[in-house]
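Convert by adding 1 to the 1-based position in the sequence shown; the result is the number in the working numbering. Glycine residues also receive a C-beta, built at the ideal position from the N, C-alpha and C atoms.
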Amino acid sequence: MTKQATKNTRKPISQMTKLALEMGPLVVFFLSNLYGDRLAQFFPVLEQLGGKLFIGTALFMVAMAISLTLTWILERRLAVMPLVTGIMVFFFGGLTLYLQDETFIKIKPTIANIFFGTILLGAMFLRGKALMKYLFGSAFKLDDEGWKKLTIRWGFWFFFLAAVNEVVWRNFTTDFWVIFKVWGTMPMTMAFMLFQVPLLSKHGLPEEDAEENEKNA
């Protein structure tokens with residue numbers, strides 16, 4: 002069997018595996034921030050990084066690198082959103098550690114969400130392109146109107162998450178922000194996704210119509 006054939010027959014990873022790869026770095030960030038002082042006692046080299054948030058940031062970057070590497074090994078590709086998120090983690094995490102300023106890692110979700118929201122809404126309103134179709138077209142089969150509505154909703158949702166992150170990190174403790182980042186944002190997003198089920202049902206296409214729609218795209 003040729004390499005090309007092997008690549009084409011590679012099975013996509015399961016949704017549970019994807020979730021584990023996406024949540025893994027966040028869980029590492031949460032646990033290393035929670036137990037950063039103990040980790041520094043067992044591994045004195047970590048003390049050089051600074052407080053527990055800096056330890057958490059460093060391990061977050063390592064976990065993100067491992068997650069992206071495993072995703073590439075399993076799928077031989079990296080989706081746009083996890084890749085961009087990873088780049089931002091490395092950039093803002095690096096600034097946090099180098100400048101010893103926790104502000105950078107705290108504003109990372111704000112910048113990332115504004116970036117995604119701007120791209121989605123900008124492409125939709127300025128060029129009429131529903132980018133969610135290109136991101137999730139393999140998972141959902143919707144008509145054009147459905148993709149437009151889904152793109153707009155996700156665009157505004159990203160801006161909402163950016164605003165919420167700003168409120169939390171500016172008005173609450175660092176420990177609370179870490180908890181919210183890991184155990185607040187994800188459940189909120191999953192709830193938002195559940196609220197999109199009626200839209201997916203209303204604008205879903207039968208298999209034959211979906212294939213025809215893809216040909217005309």
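Spell out the partners DSSP gives residue i in its beta bridges.
{"i": "GLY205", "result": "LEU143"}
Is the beta carbon of residue i sitting closer than 8 Å to the one on residue j?
{"i": "GLY118", "j": "ALA163", "result": "yes"}
{"i": "LYS149", "j": "MET125", "result": "yes"}
{"i": "LEU143", "j": "LEU136", "result": "no"}
{"i": "VAL90", "j": "MET62", "result": "yes"}
{"i": "THR175", "j": "GLU103", "result": "yes"}
{"i": "LEU69", "j": "ILE56", "result": "no"}
{"i": "TRP155", "j": "MET133", "result": "yes"}
{"i": "VAL81", "j": "VAL183", "result": "no"}
{"i": "ARG25", "j": "ALA66", "result": "Note on residue identity: the sequence assigns Gly, not Arg, to residue 25. No, the pair does not count as a contact, with Cβ atoms beyond the cut-off."}
{"i": "GLN101", "j": "GLY51", "result": "yes"}
{"i": "LEU71", "j": "LEU121", "result": "no"}
{"i": "ILE88", "j": "THR97", "result": "no"}
{"i": "PHE160", "j": "ILE112", "result": "no"}
{"i": "LEU75", "j": "ILE153", "result": "no"}
{"i": "PHE43", "j": "VAL179", "result": "no"}
What is the DSSP secondary structure of residue i, reduced to helix, strand or coil?
{"i": "ILE14", "result": "coil"}
{"i": "LEU121", "result": "helix"}
{"i": "ARG78", "result": "coil"}
{"i": "LYS130", "result": "coil"}
{"i": "GLU167", "result": "helix"}
{"i": "GLU103", "result": "coil"}
{"i": "THR58", "result": "helix"}
{"i": "MET2", "result": "For MET2, the predicted model reports a pLDDT of 44, less than 50, meaning its position is unreliable; a value from the coordinates is still stated below. Reduced to three states, the DSSP call for MET2 is coil."}
{"i": "PHE44", "result": "coil"}
{"i": "GLY94", "result": "helix"}
{"i": "THR174", "result": "coil"}
{"i": "GLY25", "result": "helix"}
{"i": "GLN197", "result": "coil"}
{"i": "TYR135", "result": "helix"}
{"i": "GLY185", "result": "coil"}
{"i": "GLY52", "result": "coil"}
With residue i and residue j assumed to form a contact (beta carbons below 8 Å), what rounded beta-carbon distance in angstroms separates them?
{"i": "LEU200", "j": "GLY129", "result": "Not a contact, Cβ separation roughly 19 Å."}
Could one say the Cβ of residue i lies closer than 8 Å to chain B's Cβ atoms, at least one of them?
{"i": "PHE160", "result": "Of the chains in the structure shown, none is chain B; there is only one protein chain."}
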